[in-house]
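**Q**
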Amino acid sequence: WYQRRVREKIDILNEEQLETQASLDKMEGKIAKLEGTEKDLSSNLQKLTDDVETVETNVGTIEGKITELDKTEKAQNSNIQQLATKVDTMKKVWPDGSYCISANGACPAGFSRYEGYIKAISTYAANGTYIKAANLGSSFIRCHGNCGRWPNWYAEIQIVSCCK
């Protein structure tokens, strides 16, 4: 009885040893898998670190370009303002030379006003075919008096110019 009892205990211990060995083998497999996962995570972390460095470099480059564009924009705005000032100045200055322009109210500085007219021009008829009234600035073409008032249907022309 004692030997059988010892043998049963030994068998139980052997089974427990086998189970423990199987458990250890499973744990070693899991440890190996975790070590592989750790290597993968380490590799991924390095890739992410490299990507962050690349992004930071690109952001720095982009910020530099934005600064350059801001400077260029300021310079262009300054140039535009200078050109606008020159245009405004040139609007007030007439080029050298002698010429006349049609008047429309007062003449520009440096110009003298000249007026000429012909009144009571006899026309064939006082209608749109022969007299077409028009105002051209300060100049005009029209009937003399009321259209058809005079027997020969008179017209008048007045030309007003500014010359220098």
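With our numbering applied, the sequence shown closes on residue 188, and no number is skipped along the way. For glycine and all other residues, C-beta sits at the position ideal for the given N, C-alpha and C.
#1: Hey, could you find the ends of the beta strand (DSSP E) I165 is sitting in?
#2: Compare the Cα-Cα distances from S122 to each of D112, M114, F135 and report the closest residue.
#3: Between which two residues does the beta strand (DSSP E) containing I125 stretch?
#4: Determine the direct distance from the alpha carbon of Q105 to that of G88, and round the result to whole angstroms.
#5: From T78 to G84, what does the alpha carbon distance come to, in whole angstroms?
#6: Does I142 pass the burial test, meaning 16 or more other C-beta atoms within 10 Å, or should it be called exposed?
#7: State the Cα-Cα distance for the pair E16 and T96, rounded to the nearest angstrom.
#8: Does the beta-carbon of W177 have 16 or more other beta-carbons within 10 angstroms, so that it is buried, or is it exposed?
#9: Using 8 Å as the threshold, is the segment 155 to 173 in touch with the segment 126 to 135, meaning 3 or more CB pairs across them?
#10: DSSP on I181, reduced to helix/strand/coil?
#11: What's the call for I86, buried or exposed, on a 16-neighbour Cβ count within 10 Å?
#12: Using only the alpha-carbon positions, how far apart do P119 and A99 sit?
#13: For Y154, which residues of its own chain have a beta-carbon under 6 Å away from its beta-carbon, when the five flanking residues on both sides are left out?
**A** If we stick to the structure as given:
#1: 163 to 167
#2: F135
#3: 124 to 126
#4: 26 Å
#5: For T78 and G84, the distance between alpha carbons rounds to 10 Å.
#6: exposed
#7: The structure shown does not extend to residue 16, since the chain is modelled only from 25 to 188, so the question has no answer here.
#8: buried
#9: Yes, they touch.
#10: strand
#11: exposed
#12: In a straight line, the C-alpha of P119 is about 30 Å away from that of A99.
#13: T147, Y148
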